[in-house]
Amino acid sequence: MIEVKFYKEVDDSLLKFAVILARIQEKWVFCKHRERDTFEIPGGHREVGEDILTTAKREFYEETGAVDFDIEKICVYSVVRDGKWEEAEIRTFERELHSEIEKIILTDGKVDRWTYPEIQPKLMEKYRETKGEV
0 MIEVKFYKEV DDSLLKFAVI LARIQEKWVF CKHRERDTFE IPGGHREVGE DILTTAKREF
60 YEETGAVDFD IEKICVYSVV RDGKWEEAEI RTFERELHSE IEKIILTDGK VDRWTYPEIQ
120 PKLMEKYRET KGEV
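Quick note, in numbering that gives the first Met the number 0, the sequence shown goes up one by one and the last residue is 133.
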């Protein structure tokens with residue numbers, strides 16, 4: 000069983016991943032990793048010496064090729080799996096991706112094959128709630 004928990008605030012040093020819910024022209028941005036046949040929200044691991052905003056910007060660029068964008072903190076979350084812990088507005092994309100991501104897609108939120116189906120829809124729901132969208 001997977002549980003997604005949301006927090007108002009957490010010390011930056013405790014955050015290990017950045018996940019960037021992104022939209023362009025009212026479509027959500029999803030990535031397809033080269034080694035998977037599923038789609039996921041852009042994001043990734045924090046590197047030594049980075050604050051979480053730097054991680055978010057770096058991962059977002061690496062996974063989408065977006066070069067002109069703003070990032071706004073929406074929420075902090077954690078995932079509990081079987082009792083164990085485990086918004087960007089884009090203006091311009093680069094033409095070629097330089098990462099493990101094979102391609103990106105733009106969608107209204109409907110994805111056939113989620114990489115993390117127990118997590119990603121809840122993040123989108125939290126985003127909509129935070130932004131006052133239905």
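For glycine and all other residues, C-beta sits at the position ideal for the given N, C-alpha and C.
Check	Outcome
Whole-angstrom distance between V66 and E2, CA atom to CA atom	33 Å
Nearest candidate by alpha-carbon position, reference K102, set D50, A21, V28	V28
Cβ pair count under 8 Å reaching 3, the stretch 15-28 against the stretch 43-54	yes
Close-in-space but distant-in-sequence residues of the same chain around V139 (CB under 6 Å, 5 per side omitted)	Past the edges of the chain, shown from 0 to 133, lies residue 139, and the structure says nothing about it.
Alpha helix (DSSP H) segment containing K121, residue limits	119-130
S77 - DSSP class collapsed to helix/strand/coil	strand
Simplified DSSP assignment, three categories, for D67	strand
Residue range of the beta strand (DSSP E) that includes I40	Counting along the chain, I40 falls outside any beta strand (DSSP E), and DSSP gives it neither H nor E.
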